[in-house]
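Residue numbers (my numbering), protein chains in the order written: chain A, 1 to 115; chain B, 1001 to 1114.
The C-beta atom is built at its ideal place from N, Cα and C for all residues, glycine as well.
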Amino acid sequence: GAGVSQSPSNKVTEKGKDVELRCDPISGHTALYWYRQSLGQGLEFLIYFQGNSAPDKSGLPSDRFSAERTGGSVSTLTIQRTQQEDSAVYLCASSRGGQGQETQYFGPGTRLLVL
Amino acid sequence: GDSVTQMEGPVTLSEEAFLTINCTYTATGYPSLFWYVQYPGEGLQLLLKATKADDKGSNKGFEATYRKETTSFHLEKGSVQVSDSAVYFCALSPVTGGGNKLTFGTGTQLKVEL
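Right under this line is the structure:
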């Protein structure tokens, strides 16, 4: 079946602009995650959605970052007033449920470059 | 908080050599442990996992055993191939609370040469 998809695959923006990154999880997966992969920080957790529960936003680096998940499926990560340090690969993952032993399936990522 | 430490890379091996990539963790309770692999130009994919102490995860000739007493989950393969060249990430997730968010190590780049 179809895996996790993300769009766009690449995004170049100017400092100060807002960007939106999209994630389509695997159908039927109730849990969705956003991570960031950068040279300086490695792989970092950003935010987690599980069903209808309030999201776990504990990994968001600043209030410029926000995310929503509509209808329990598609998710959008928004970065406002982008900064050069936001340049990274943003990864989305989904899992069947939210238990610790569940396997997370990752999308190909969106490579963001802030000039 | 939770953390994962894995050996620095890059690691360069000849084909058919034995591979060990060390991984140790700090966490409360009994987390689930994972190895993810990222091949050049591709996304992260699960290589293997173990969800309780003494479990052994295995896939594609790779193995790792969950050692609670040493808080380790070292990755091994008896005979590496050029096609194993990739970046390997050790990760953990808590069993309860905090959802399933993964804490990753810094990654170890493996290069296998003929």
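When Cβ-Cβ separations below 8 Å define contact, proline 25 of chain A makes no contact with chain B. Under DSSP, aspartate 56 of chain A takes part in a beta bridge, and its partners are A:Tyr48. Beta-carbon to beta-carbon, leucine 77 of chain A and alanine 67 of chain A are separated by about 5 Å, close enough to satisfy the 8 Å threshold. When DSSP states are grouped into helix, strand and coil, glutamate 1063 of chain B belongs to the strand group. According to DSSP, residue pairing for isoleucine 26 of chain A in a beta bridge does not occur.
For valine 89 of chain A, the beta-bridge partners assigned by DSSP are A:Gln37 and A:Arg111.
Proximity of the stretch 1011-1029 of chain B to the stretch 1083-1096 of chain B meets the contact definition, three or more beta-carbon pairs being nearer than 8 Å. At a cut-off of 8 Å between beta carbons, threonine 1108 of chain B makes no contact with chain A. When secondary structure is reduced to three states using DSSP, glutamine 1081 of chain B falls in the coil class, being assigned neither helix nor strand. In terms of Cα proximity to glutamine 6 of chain A, the closest of A:Gly16, A:Leu32 and A:Thr13 is A:Leu32. Under DSSP, serine 1014 of chain B shares a beta bridge with B:Glu1113.
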